[in-house]
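All remarks here apply to the structure that follows.
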Amino acid sequence: MIQAVIFNLESTLLDPGGRGLIQGMRDIFRWKGIHLTEVQVSHGRGLPIRDHIASVLGLAEVRRKWLECFGVHPGRVDIEHIYLELVPVLRSLIQGAETAAGIDRALQELQDRNIQSGATASCPMEMLSHVFTPVQSPYTLDCMVAPCEVSQGRPYPWMIYEIAHRLQVFPLSDIVKVGDTAADMQEGRNAGVWTIGVLNHNVGDLTTDHTTSCETDDRVAEERRRQNIYGLKRAGAHLVMNSIADLPRILREIEMLQHTGGYPSYMKPKKTAAIPPS
Numbered sequence: 001m002i003q004a005v006i007f008n009l010e011s012t013l014l015d016p017g018g019r020g021l022i023q024g025m026r027d028i029f030r031w032k033g034i035h036l037t038e039v040q041v042s043h044g045r046g047l048p049i050r051d052h053i054a055s056v057l058g059l060a061e062v063r064r065k066w067l068e069c070f071g072v073h074p075g076r077v078d079i080e081h082i083y084l085e086l087v088p089v090l091r092s093l094i095q096g097a098e099t100a101a102g103i104d105r106a107l108q109e110l111q112d113r114n115i116q117s118g119a120t121a122s123c124p125m126e127m128l129s130h131v132f133t134p135v136q137s138p139y140t141l142d143c144m145v146a147p148c149e150v151s152q153g154r155p156y157p158w159m160i161y162e163i164a165h166r167l168q169v170f171p172l173s174d175i176v177k178v179g180d181t182a183a184d185m186q187e188g189r190n191a192g193v194w195t196i197g198v199l200n201h202n203v204g205d206l207t208t209d210h211t212t213s214c215e216t217d218d219r220v221a222e223e224r225r226r227q228n229i230y231g232l233k234r235a236g237a238h239l240v241m242n243s244i245a246d247l248p249r250i251l252r253e254i255e256m257l258q259h260t261g262g263y264p265s266y267m268k269p270k271k272t273a274a275i276p277p278s
């Protein structure tokens, strides 16, 4: 029986697909004279923010552009400078973020079934303290954990373990993790919980930087959807759903798997993105 569901807070519940974060990072790089694509800036999305920035700066093409612009390769100081410039963007984004379609229905389902809810984050907790409170929403989360509260954030499992401890949920096989990034899938599988990918119209998985008329073609849209599903499953998703609104159905599927002996196996952790040298 499922006892708890843990979401990715920012890009699964608040900013579907991380669109605001991606645009904010692109703007900061553009102000520095470096033009990056959505695909490049999406590299490492879902990791703690500094690690996400390090992942982007670790791309060969980005390092080449940085070298051409500044005469040196990016290092730790540059990661911190970009992070500090991104902080006000993140604050504004979280304060005004749209919630994912279907979240009210999903949280109502959890409350009706006495399933606890939690969320792991990429941002510092001081940015998140006001979200999903009784004032902000009739549906609240039972627990939120940020990377600063544990030794390491995604893809490590420590935030999920901390939520399980706070909510007193055991065994871990009764927990479901829901997210829209590869880092979410790795976090869930590393923790040994059921791991669900949500498509959420993730712009970071586009293969081109511009929206063109051909993308409205059904075949193109379906191919993009297949690529997104493949990416989430390759990262470790047990199941993939179109949106948060599908969560009640997915929970029933998982409970059917549990009744027939299904178990979320542990997955060997993958290496995190290396931080560029100073």
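Residue numbers 1 to 278, in full-length UniProt numbering, belong to the letters of the sequence shown in order.
Where a beta carbon is used, it is the ideal one built from N, C-alpha and C, also for glycine.
Secondary-structure assignment with DSSP links K177 through a beta bridge to I6, T195. Bounds of the alpha helix (DSSP H) holding S55 are 49-57. Apart from the 5 residues on each side of it in sequence, E162 sits with its Cβ closer than 8 Å to the Cβ of V145, E149, V150 in its chain, given in chain order. For N190, the closest alpha carbon among the candidates V198, I160, L57, T260 is that of I160.
D15 places its beta carbon less than 7 Å from that of A97.
Between G46 and D184, the C-beta spacing is below 7 Å. Rounded to whole angstroms, the gap between the alpha carbons of D78 and A235 is 29 Å.
For A237, there is no enclosing alpha helix (DSSP H), as DSSP gives it neither H nor E. When the beta-carbon positions are compared, G44 and S55 come within less than 7 Å of each other. Spanning the alpha carbons of I34 and G231 requires a straight line of approximately 27 Å. By the neighbour-count criterion, in which 16 or more other beta carbons inside 10 Å mark a residue as buried, Q227 falls on the exposed side.
Distance from the Cα of S92 is smallest, within the candidate group E126, Q3, Y156, L57, for E126. Of the residues assessed, H238 falls on the buried side of the cut-off, its CB having 16 or more other CB atoms within 10 angstroms. Looking at the DSSP output, T99 shares a beta bridge with no other residue.
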